[in-house]
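Q: Okay, here's the structure, questions in a sec.
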Amino acid sequence: MPAAEGGDSRDLPQQAPLWYADLHIHSRYSRATSPLCTLKHLAAAAQRKGIALLGTGDFTHPGWMATIRDTLEPAEPGLFRLAGRKADGEAPGVPNPMPVRFMLTVEIATIHSQGGRVRRVHHVVCVPDLDTAEALNRELGEIGNLNADGRPMLGLSCRNLLEIVLECGARRGVRTVLFPAHIWTPWYAALGSKSGFDSLQACYGDLVEHIFCAETGLSSDPAMNRRLSSLDRFRMLSFSDAHSPEVVGREATRFSCTMNYDTLFRAVQGVEQGFEGTVELFPEHGKYYLDGHRKCDVCWQPVETRKHEGRCPQCGKPVTVGVLNRIEALADRRQPAKIPLDAPFRALIPLRTVVAQMLGMKTTGGKRVQARCRQILSTLGPELPLLDTLPIEEISRRGEPALAEMIGRMRRGQVARSGGYDGLFGTVRIDEE
């Protein structure tokens, strides 16, 4: 996204034609995250991916909140940028890197008993300013230990967390937003098979009317969610849940509205124009698409799970019921419905995976693959626009005919898929035939 003509290079234009947001990420203070999850490294990763708006993640953690205060400064209403002249991040290796904005976000885990079951659900919370974040932290700090993890685990119901978030915003006269994270993940999600509910109404109770969107997660896409009429009024968003900079933007949401906090959420609600759909992994790529038991190397389609009454034939323990099966169990439609709220979405394969396949390499982390990716980005620009919207003929014209062919096939869905299960990522390869 170019700078406004004649203005500070950090300044975004008031109206961008298309930009990408990733609001669900984590800092180095969350468990199982990279030590490189700092604001500067995350901003640089966002520039390589083409992400214009990034969540801060983890604002409930005192250490990360101190970093946010020291490192960010106010930008557009409700948004922030890296302070000072270093605002463009650390030389991402793409031509004319776009400035990156941040929104204050956090993923919160709740755990409580309801209906005779233990419910473990993850939620994403967004607030527009530091003082509101601090006020919310004071309230949540009386419930649980915010120092223990960047994604705190709190002993209260989903409905009560939503109430706290809403009332905190109301007292300050600002909009605070909560939406369910990766809603189908078996162990930690609003509709998950292991510890979730059968509807968002059951999850959030009488306050469900204040929920207007939900995150698809890596193992589902918007179409899969449209098999449930109970989800018709919720906008489907996609974000990365990144625990390291390299996977920032593996899923994202597209916008064309003016970039600020309130306008974004008005576009999500459908009150204003500007929501442009999502970019997704192919759902089979996700870690919980199919059913299975990784320890025993058992991976099943839903029909096989029903045939075996949900138990692993090797050890006799219940298999982890994945997203596809869970959606089929709750769906009241045989085919996805077309909902007025929806916009087109596109399934993508990460550039490093495309390049590794193009080079005939088995892994994506090798030096040869990384060097080729850097070369491509330096020539063709950030990853998401390249994979999503850059014309195929333009990719070919600028010296990458083999890459153009691969991306064209990916966009047409000409891929071979092997579904992930029980915490193991699946594989998706571009069909070379």
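All residue numbers for the sequence shown refer to our numbering, where the first residue is 799 and numbers rise by one.
Beta carbons are placed, not taken as given, at the ideal position from N, Cα and C, and that holds for glycine.
Here's the rule I'm using: 16 or more other beta-carbon atoms within 10 Å means buried, otherwise exposed. How should P815 be labelled?
A: Exposed is the call here.
Q: What number of angstroms, rounded off, separates the C-alpha of R957 from the C-alpha of G1211?
A: Spanning the two alpha carbons is a distance of roughly 39 Å.
Q: Please determine, among M1208, Y1219 and L1222, the residue with the shortest C-alpha to C-alpha distance to E1230.
A: Taking only the C-alpha atoms, the option nearest E1230 is M1208.
Q: Identify, in the order they occur along the chain, each residue of the same chain with its Cβ nearer than 6 Å to the Cβ of A933, setting aside the five sequence neighbours on each side.
A: Closer than 6 Å at the Cβ level, and outside the excluded window around A933, lie C966.
Q: G994 and Y1087 look like a contact to me (Cβ under 8 Å); what is the Cβ gap, rounded to whole Å?
A: With a Cβ gap of about 16 Å, G994 and Y1087 do not count as contacting.
Q: Taking 8 Å as the limit between beta carbons, can you name the residues of its chain near L852, skipping five residues before and five after?
A: Closer than 8 Å at the Cβ level, and outside the excluded window around L852, lie A819, D820, L821, I823, L840, A841, A844, V898, R899, F900, M901 and V1046.
Q: What first and last residue would you give for the alpha helix (DSSP H) that runs through D1186?
A: Per DSSP, D1186 belongs to the alpha helix (DSSP H) from E1181 to D1186.
Q: Shortest alpha-carbon distance to L964 belongs to which of V925, K992, A979 and S991?
A: Closest by alpha carbon: V925.
Q: Taking the C-alpha atoms as reference points, what is the distance between N1123 and D1220?
A: Distance between the alpha carbons of N1123 and D1220 is about 13 Å.
Q: For a test of the three-state rule: what should DSSP assign to F1269, helix, strand or coil?
A: Examination of residue 1269 is not possible in this model, given that the chain is present from 799 through 1231 alone.
Q: How is G1224 classed by DSSP in three states: helix, strand or coil?
A: Here G1224 sits in coil by DSSP.
Q: Since I believe E1203 is in contact with K847 (beta carbons under 8 Å), could you give me their beta-carbon distance rounded to a whole number of angstroms?
A: No, K847 and E1203 are not in contact; Cβ-Cβ is about 22 Å, not under 8 Å.
Q: Do H1091 and T1118 have their C-beta atoms within less than 8 Å of each other?
A: Cβ distance < 8 Å, so H1091 and T1118 count as in contact.
Q: Does DSSP put F791 in a helix, in a strand, or in coil?
A: The requested residue 791 is not part of the displayed model; the chain covers only 799 to 1231.
Q: Look up M901 in the DSSP assignment and give the residues it is bridged to.
A: Paired residue(s): G853.
Q: With three or more beta-carbon pairs closer than 8 Å as the criterion, would you say the region 912 to 924 touches the region 984 to 1001?
A: At 8 Å Cβ cutoff, the stretches touch.
Q: Using a Cβ-Cβ cutoff of less than 8 Å, which residues in the same chain neighbour L938 once the five nearest sequence positions on both sides are dropped?
A: Correct list, in chain order: T858, I906, L944, P950, L952 and I962.
Q: L1128 and L1026: beta carbons closer than 8 Å?
A: Yes; because the gap between Cβ atoms is below 8 Å, this pair is in contact.
Q: For L1035, which residues of its own chain have a beta-carbon under 6 Å away from its beta-carbon, when the five flanking residues on both sides are left out?
A: So the qualifying residues of the chain are C1011, E1013 and T1051.
Q: Would you tell me roughly how many angstroms separate the C-alpha atoms of N1023 and G1068, rounded to the nearest one?
A: Straight-line Cα distance between these residues: approximately 18 Å.
Q: If I'm right that S828 touches D856 with Cβ under 8 Å, what's the distance once you round it to whole angstroms?
A: That belief holds up - the Cβ atoms of S828 and D856 are roughly 6 Å apart, short of 8 Å.
Q: Report yes if the C-beta distance between G1075 and C1055 is below 8 Å; otherwise report no.
A: Contact flag unset, no.
Q: Excluding sequence positions up to five away, which residues of its chain have a Cβ less than 8 Å from the Cβ of I1174?
A: Taken in chain order, the residues that qualify are L1149, V1153, L1184, E1198 and L1201.
Q: Let me check you understand the geometry: is the CB of G1015 closer than 7 Å to at least one non-hydrogen atom of the ligand MG?
A: Looking for the ligand MG in the displayed structure turns up nothing, as the structure carries no ligands at all.
Q: With respect to the beta strand (DSSP E) encompassing C1011, which residues constitute its N-terminal and C-terminal limits?
A: It spans C1011 to E1013 - the beta strand (DSSP E) in which C1011 sits, taken as one unbroken run.
Q: Is the beta carbon of A873 less than 8 Å from the beta carbon of R879?
A: Yes. Within cutoff.
Q: Going by other Cβ atoms of all chains shown within 10 Å of its Cβ, with 16 needed for buried, is H1106 buried or exposed?
A: H1106 comes out exposed.
Q: Between the C-alpha atoms of A1232 and C1001, what's the straight-line distance to the nearest angstrom?
A: Given a span of 799 to 1231 for the chain in the structure shown, any question on residue 1232 remains unanswerable.
Q: Between which two residues does the alpha helix (DSSP H) harbouring F1063 extend?
A: Residues Y1059 to Q1067.
Q: For the region 922 to 957, which segments carrying the alpha helix (DSSP H) assignment without a break, of at least 4 residues, lie completely within its bounds, in sequence order?
A: Within the region 922 to 957, the complete alpha helix (DSSP H) runs of at least 4 residues are 928 to 939.
Q: From S894 to K1165, what distance separates their C-alpha atoms?
A: The identity of residue 894 in the sequence shown is Asn, whereas the question assumes Ser. Cα-Cα distance, rounded: 25 Å.
Q: Rounded to the nearest angstrom, what separates I1205 and R1064 at their Cα positions?
A: Whole-angstrom Cα-Cα distance: 33 Å.
Q: Checking the sheet assignment: what are the DSSP bridge partners for G876?
A: Partner(s): none; G876 has no beta bridge.
Q: P1111 and S1018: beta carbons closer than 8 Å?
A: Not closer than 8 Å, so no.
Q: Under 8 Å by Cβ, that's how I've got E1049 and L1029 pegged, so tell me the actual separation to the nearest angstrom.
A: That pair is no contact at about 18 Å.
Q: Give the straight-line distance between the Cα atoms of Q1155 and W985, rounded to the nearest whole angstrom.
A: Between Q1155 and W985, the C-alpha separation is close to 32 Å.
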